[in-house]
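Asker:
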Amino acid sequence: MTTMIKLIKTLLKNYEHLRKEDLKSSNPEIRQLFDKLKKAVANGIEPLMSEDLNIEWGLGSGNLPKKPVLYLLCKSAGVQASSGVYVALVIDTKPGENNYGNYRLMLTQGYSKQVKERVKNEGESESEAKKQVFEDAKPLAVMLADSYYAELKSHHFNVASTDDVSSDLIIAERIYNIDDNTSDSQLITDINHLLRVYLNLASETPYAPGSDGQSIAGAYRECLVQMRIGQADFRKKLFDKYGTSCMLTGCKIPAVIEAAHIIPFSDSQNNDENNGLLLRADLHKLYDSNLLGIAPDGEVYIMPAVSGAGYSDLSGKTLTCVINSKMREYLNAKFKIFCNKNDIE
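Mapping of the sequence shown onto UniProt numbering: position 33 corresponds to residue 33, and the numbering continues sequentially without gaps.
Quick look at the structure:
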């Protein structure tokens, strides 16, 4: 057994006993375990990403938390564990609980700061404030999960959806059991992958949620509403022009057909119908995540990461629509991004 997994196993075995012996965050035995695991994780993170990360243990200023947590926080976005989106490694150390023996890698949102502010400013009870902040924050969790759905699923993360956002506002999560014989190499690969998604999100997001005392959803609500209105209009334009079938599979169920921008709207601010494709929802996510590419002549390319998930049959197929010169320009620009992302010459 290697370093990180050994340290996690030691924490699982000893943490609750040591914590009850000395609840203070200055507990030297627990600090030593924390510091060793923090160092092991830090050493495994890809150097370019580690430059923009603060790695902190959930020690607090007083009592030790019931569960040890390692926070990985984006420096440039000014994220704190109490507010904003971050990556966490959580270890379920309390014997007798359902999750005991698990450790979890997650992309999640902190919102305790917003809860405290609502209690103070609105006079709400803590439970009322938590409920309201959670409802405000759900749309953001789903939006962020949707942005990288295919990529996260291909690496075996559970991903939030509208119907199953947890009360912890977990966007994506992978659960390990200490008996699964996960290696250090596998765990650090998963950490690096989730960090790539996280730091991409942090760089694309207009501000760090919860900064400047705003509610998590506050700055996003207007943006989300406008996006949904624009997206509905864009979808109608494509339906009117092409019909309601998926351009890759021929699927004719309108409820699962989405209007996909060839060049993302966030980059182009462009709802030109020539910049659009009608794709089944899962294929839309793959296309946006650069796991599926479409060449300027309409030929489909599938990356190996998802070829085993039933998508390999699409490789070599072509779009069913007529490709005019304007659409070809959009497809060419997007295909160059796909090739660059996947090191295809």
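Heads up, the beta-carbon is just placed ideally off N, CA and C, and yes, glycines get one too.
Considering only the alpha carbon of each residue, which of 178, 144, 151, 190 lies closest to residue 171?
Answerer: For residue 171, the nearest C-alpha among the options comes from 144.
Asker: Which one of 10, 44, 117, 146 has the shortest CA to CA distance from residue 286?
Answerer: Ranking 10, 44, 117, 146 by Cα distance to residue 286 puts 146 first.
Asker: At the level of alpha carbons, what is the spacing between residue 5 and residue 235?
Answerer: Whole-angstrom Cα-Cα distance: 48 Å.
Asker: Strictly by DSSP, which residues pair up with residue 158?
Answerer: Residue 158 is bridged to 173.
Asker: Over the uninterrupted beta strand (DSSP E) stretch that includes residue 56, give me the two end residues.
Answerer: It spans 53-57 - the beta strand (DSSP E) in which residue 56 sits, taken as one unbroken run.
Asker: DSSP state of residue 207, grouped into three classes?
Answerer: In this predicted model, residue 207 has a pLDDT of only 37, less than 50, meaning its place in the structure is not dependable enough to derive any value.
Asker: Based on Cα-Cα distance, which residue from 259, 158, 297 lies nearest to residue 279?
Answerer: Here the closest residue by C-alpha is 259.
Asker: Closer than 7 Å by C-beta to residue 38: which residues in its own chain qualify, once you throw out the five before and the five after it? Chain order, please.
Answerer: Excluding positions up to five away in sequence, the list reads 55, 57, 70.
Asker: Using the C-alpha atoms, what's the distance from residue 247 back to residue 78?
Answerer: Cα to Cα, residue 78 sits roughly 42 Å from residue 247.
Asker: State yes or no: is the C-beta of residue 131 within less than 8 Å of the C-beta of residue 82?
Answerer: Not a contact, by the Cβ cut-off of 8 Å.
Asker: Pop quiz: residue 275 and residue 284 are said to be a contact at Cβ under 8 Å. What is the actual Cβ separation, rounded to whole angstroms?
Answerer: Not a contact, Cβ separation roughly 14 Å.
Asker: Nearest-angstrom Cα distance between residue 300 and residue 94?
Answerer: Computed Cα separation, rounded: 49 Å.
Asker: Residue 326 bridges to which residues according to DSSP?
Answerer: Bridge partners of residue 326: none, in fact.
Asker: Closest to residue 292 by CA distance: which of 9, 314, 273, 271 is it?
Answerer: Nearest of 9, 314, 273, 271 to residue 292, Cα basis: 314.
Asker: Over the uninterrupted beta strand (DSSP E) stretch that includes residue 133, give me the two end residues.
Answerer: Unbroken run through residue 133 is the alpha helix (DSSP H), 126-147; no beta strand (DSSP E).
Asker: Cα separation between residue 303 and residue 156?
Answerer: Approximately 16 Å, taken between the alpha carbons.
Asker: What does the alpha-carbon distance come out to for the pair residue 193 and residue 151?
Answerer: Approximately 9 Å, taken between the alpha carbons.
Asker: Within the same chain, show all residues whose beta-carbon is closer than 6 Å to that of residue 240, passing over the 5 residues directly before and after it, in chain order.
Answerer: Hits under 6 Å: none found.
Asker: Using the Cα positions of residue 31 and residue 334, report the straight-line distance between them to the nearest angstrom.
Answerer: Cα to Cα, the separation comes out at about 48 Å.
Asker: How is the beta strand (DSSP E) around residue 109 delimited, first residue to last?
Answerer: Segment 102-110, the beta strand (DSSP E) holding residue 109.
Asker: Along the chain, which unbroken stretches of the alpha helix (DSSP H) at least 4 residues long are found entirely within the region 255-327?
Answerer: Runs found: 265-268, 281-288.
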